[in-house]
Structure formats: C-alpha cells, structure tokens
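Report on the following structure.
In full-length UniProt numbering, the protein residues as written are 1 to 219.
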C-alpha cells in the first residue's frame, strides 16, 4: 500500500483577509488516493484542525467527500512525522500556505528526505510555496532547472488578493531557477518533471492526483 503525506496550512488570516486551506485541494486528491488504495495522512506545522478558506465551501459538499475530510480535523505536527514512512508528499494549496510554508525549517528538513530518496514531491496551486528556500544536500534550490507550475501572477491579480501576498509565487519560484509554466488562468494544468508533480490552480487538483497515481503505476 502506498502512503501519502498531505501537508496543509495552519494560517487562517493574512492581514485582514480570512483564509486557510482551499478545501478541494485536499479532498479531491485525498479521494483519488483512497480510491487507489493509498493510505492518507494529513500534517501541518502546528497540528490540530486545519482552517478552511471560507470561499472554498459550497452550499452542498459532494457526498463522495464524506469521511475524506476527517484527517484535516486533527492533523499531525509535521515535525513529528517520520518522512521515511511515506512514498510521497503532497502540499495542498490555499492562500494560507503563503503564511507558513515558505522558508519553513521543518518543511526543508522533511523535503530533503524526499529529494535524497527520489520520492514523489507534489503540490497544487499555492502549495509550491513550500518549495521556497528549499535546497538539496548540495545547497542547490529544489526548483532550479525543474519544470513546474503553480498559482500564477495573473491568477493572483485576478483573485484580487495580490496585495495580501508576501510575494508573488510565480516570480519567487522563477527567481530560484524554476522553469515555471503558466497556462490560461483557472484552467486545468499539470506539469510532471520526473518525481516533481505540480498543478496550477484548484481546477488542477484532481489531475495532479491522477498524475501522481500514474507515476506510481509506472514505477
């Protein structure tokens, strides 16, 4: 059985804007993983219940999501996770990640394991903010020379939240050497570069998970 570590934010506010995890970016991939027979564990920097971005709720949640949300009601502290127990790591998005993912020492330590063991490293939307400041054992940025995607500058401006951001994600990842591919705003778009699998926006959550499963099936 494959075991996936899904990392979510604890940040519930940026300036005066309420934020958190974008719900579908956990639930859609987690559903795919569970249907594929994977075990899913949710973690966050502080542990406990993950804040959900209020704008990511719909009036009626799909019935297939029943039970899938349970892991984010009581996440494990990432610092207490043994990365050796997992086949892959998936950083879920939501604007909250911009508050606690970038340049995070715990994330850096955990990711170095996945880098050195050539395990799956994946993310969607703002999830790649976890890669900011991450280097391998040779001090080379994780994203240098890698083809990736994530929430684009254009999408950030269209969301009207660019002024709340500590930096623009696309710009920062490009500055660290990523070959950042930005497709049309809010369209499903996934990039696969070896074991590094990234999705551009919430609309890409399902496809990102499917790309991860396909990667494992080929291995």
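Every residue gets a Cβ at the ideal spot worked out from N, C-alpha and C, and that includes glycine.
Check your understanding: In chain order, what residues of the same chain have a beta carbon less than 7 angstroms from the beta carbon of residue 158, not counting five sequence neighbours either side?
Key -> 185
**Study point:** CA-to-CA distance, residue 94 to residue 56, given in whole angstroms
**Key:** 9 angstroms
Check your understanding: What are the boundary residues of the alpha helix (DSSP H) that includes residue 110?
Key -> 105 to 116
Practice item. Could you please give the first and the last residue of the uninterrupted alpha helix (DSSP H) stretch that includes residue 157? Key: 153 to 159
Practice item. Could you have a look at residue 200 and say whether DSSP puts it in helix, strand or coil? Key: coil
Point to revise | Alpha-carbon spacing of residue 48 relative to residue 9, whole angstroms | key: 11 angstroms
Review point. What are the residues that DSSP puts in a beta bridge with residue 13?
Key: 18
Exercise for review: Determine the burial state of residue 35: buried for a count of at least 16 other Cβ atoms within 10 Å of its Cβ, exposed for fewer.
Suggested key: exposed
Review point. Whose C-alpha, out of 136, 182, 205 and 134, is nearest the C-alpha of residue 156?
Key: 182
Point to revise | Bounding residues of the alpha helix (DSSP H) (the contiguous stretch that carries residue 26) | key: 24 to 35
Check your understanding: Are there 16 or more other CB atoms within 10 angstroms of the CB of residue 73, so buried, or fewer, so exposed?
Key -> exposed
Point to revise | Coarse secondary structure for residue 3, derived from DSSP in three states | key: strand
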